[in-house]
Amino acid sequence: LEHIRSISILLPVRIAGAWGSRILSEKIKNILKAKVHLEELRYLLILVQDLRIYSIERELSDLEIINGHLKKYLVRVRNGRTRKLI
Numbered sequence: 001l002e003h004i005r006s007i008s009i010l011l012p013v014r015i016a017g018a019w020g021s022r023i024l025s026e027k028i029k030n031i032l033k034a035k036v037h038l039e040e041l042r043y044l045l046i047l048v049q050d051l052r053i054y055s056i057e058r059e060l061s062d063l064e065i066i067n068g069h070l071k072k073y074l075v076r077v078r079n080g081r082t083r084k085l086i
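The sequence shown begins at 1 in the UniProt record's numbering and counts up one residue at a time.
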């Protein structure tokens, strides 16, 4: 469960890193790392459910929503349609 906590902390850090970066390649790198953390978190939560430790339907639903937002943001970044920071 400690690993789940550490990944849960890294996910918003990567998203914030993508949002705050001015360099396009850094934005993309942070978004892709966030997606890796998201998938790892999903895997661990499914493992928790398979072991019948905890029911995770709501958490998986939240991860799907976050994944959808990350996909949209990645498309916007790659197309150059992101908000410009001054």
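Note that CB positions come from ideal geometry on N, CA and C, so glycine has one too.
Proximal residues to residue i (C-beta, below 7 Å), its chain only, five neighbours per side dropped
i	result
H3	L44
I56	L45, V48, Q49
L63	L38, L41, R42
Distance CB(residue i)-CB(residue j) smaller than 7 Å
i	j	result
I7	L32	no
A34	L11	yes
V75	K27	no
Environment of residue i [buried if 16+ CB atoms lie within 10 Å]
i	result
residue 88	Past the edges of the chain, shown from 1 to 86, lies residue 88, and the structure says nothing about it.
L51	exposed
N30	buried
G68	exposed
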